[in-house]
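Below you'll find the structure, written out as structure tokens, and then a few comments.
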Ligand code: ADP
Ligand code: MG
């Protein structure tokens with residue numbers, strides 16, 4: 008048969024390109040909340056509050072008391088690839104901030120309606136301005152504002168009907184958002200977090216800044232979780248081997264749950280690491296006779312040049328140099344901790 012003529016290649020419209028890219032960065036409402044909270048953390052906020060309506064599809068608002076955004080920067084704030092955090096590609100090797108790509112806010116304006124209210128130190132009033140498709144919809148308007156920045160996203164995925172429908176039919180994204188804020192809250196204990204449904208009298212997560220990790224875990228996950236945790240640390244200081252430090256809390260043999268909870272931060276980034284999670288589960292099954300699924304909070308710190316943060320569109324995974332060796336080391340620490348604690352079983356007194 009005679010071969011078909013090749014189809015003609017053409018350049019996509021910029022607006023199509025932007026919307027496709029945005030759909031990868033903002034996969035669901037919880038991804039928008041994660042980006043906004045990380046921006047607040049990058050802005051040195053000490054208090055971050057999240058309000059959500061309709062699982063995030065109608066309305067998401069994140070308010071912080073961080074350093075705010077300069078008036079002069081507002082015109083390009085939501086343009087793609089505009090950032091205050093990165094200049095040269097090489098900076099990625101040492102970057103401390105959560106953000107670096109200047110993609111998040113822009114993405115939100117391609118798949119939703121974004122309104123920013125912000126005030127910087129020493130100003131008498133703040134500014135409010137709305138964005139669509141990367142650009143300001145109008146000139147910023149002077150307005151009353153308290154310290155920091157408030158970002159509101161309305162009608163997320165209004166222009167992506169398939170996405171909107173799947174999300175509307177799927178279980179409420181709100182629980183994913185509560186889970187996310189809970190995780191941030193037990194790591195960033197110097198920041199107070201709150202998360203609530205729009206119109207609800209009580210927040211579902213509420214923490215105040217503290218210096219005690221276990222207090223933070225207690226206030227987020229409850230006393231039943233906090234009382235059954237063991238503090239754990241591990242480190243490799245031998246410079247001929249991959250250097251790292253780990254500290255965290257892991258559940259003891261009294262803890263009981265149907266599902267594993269694994270809260271993992273690597274260099275202060277909330278990430279997932281399936282191989283580490285599996286490795287720890289294996290230790291629990293092997294060490295504790297009637298093993299329950301564990302609760303794990305771990306913070307791992309590595310030389311920044313050993314972590315590649317730029318491998319996933321939502322930054323939910325990072326890749327580590329010497330991953331196997333680090334996992335083995337942590338596995339050994341967990342096993343030792345569980346063995347030692349099992350001999351001194353604790354019994355809870357009834358209250
Ligand atoms: P990135 O975080 O990768 O730089 P974003 O699109 O998330 O990109 O944000 C763009 C820029 O907007 C940031 O670099 C920062 O300067 C500013 N910004 C965003 N959110 C806040 C905030 N809550 N407080 C202060 N500045 C912010
Ligand atoms: Mg960001």
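Residue numbers (UniProt numbering): 8 to 358. Don't be surprised by glycine CBs; every beta carbon is placed ideally from N, CA and C.
query	result
Residue 75 beta carbon near the ligand ADP (any heavy atom closer than 7 angstroms)	yes
beta-carbon residue 89 near the ligand ADP non-hydrogen atom, thresh 7 angstroms	yes
Residue 92: CB within 7 angstroms of a non-hydrogen atom of the ligand ADP	yes
Rounded distance between the beta-carbons of residue 128 and residue 74, thought under 8 angstroms	7 angstroms
Length of the line joining the Cα atoms of residue 133 and residue 167	33 angstroms
Any C-beta of chain C under 8 angstroms from that of residue 106	Structure shown: chain C not included; a single protein chain is present.
Distance CB(residue 256)-CB(residue 273) smaller than 8 angstroms	no
Spatial neighbours of residue 370 in its chain, beta-carbon cut-off 6 angstroms, leaving aside the 5 residues before and after	Because the chain is modelled from 8 through 358, residue 370 falls outside the range shown and cannot be assessed.
Around the ligand MG, Cβ to any heavy atom closer than 5 angstroms, ordered along the chain	46, 106 and 111
Alpha-carbon to alpha-carbon, residue 215 and residue 226	9 angstroms
8 angstroms Cβ shell around residue 101 - same chain, five flanking residues per side excluded	311 and 312
Collapsed DSSP secondary structure at residue 24 in the structure displayed	helix
Touch test, the region 315-328 against the region 227-237, Cβ-Cβ under 8 angstroms, three pairs minimum	no
The region 36-49 / the region 9-23 touching (three or more Cβ pairs under 8 angstroms)	no
DSSP three-state assignment for residue 68, whether helix, strand or coil	strand
Own chain, CB closer than 7 angstroms to residue 294, minus 5 neighbours either side, in chain order	342, 345 and 346
Alpha-carbon spacing of residue 118 relative to residue 189, whole angstroms	26 angstroms
Three-way DSSP call (helix, strand, coil) for residue 317 in this model	coil
Residue closest to residue 152, alpha-carbon to alpha-carbon, out of 171, 140, 131 and 165	131
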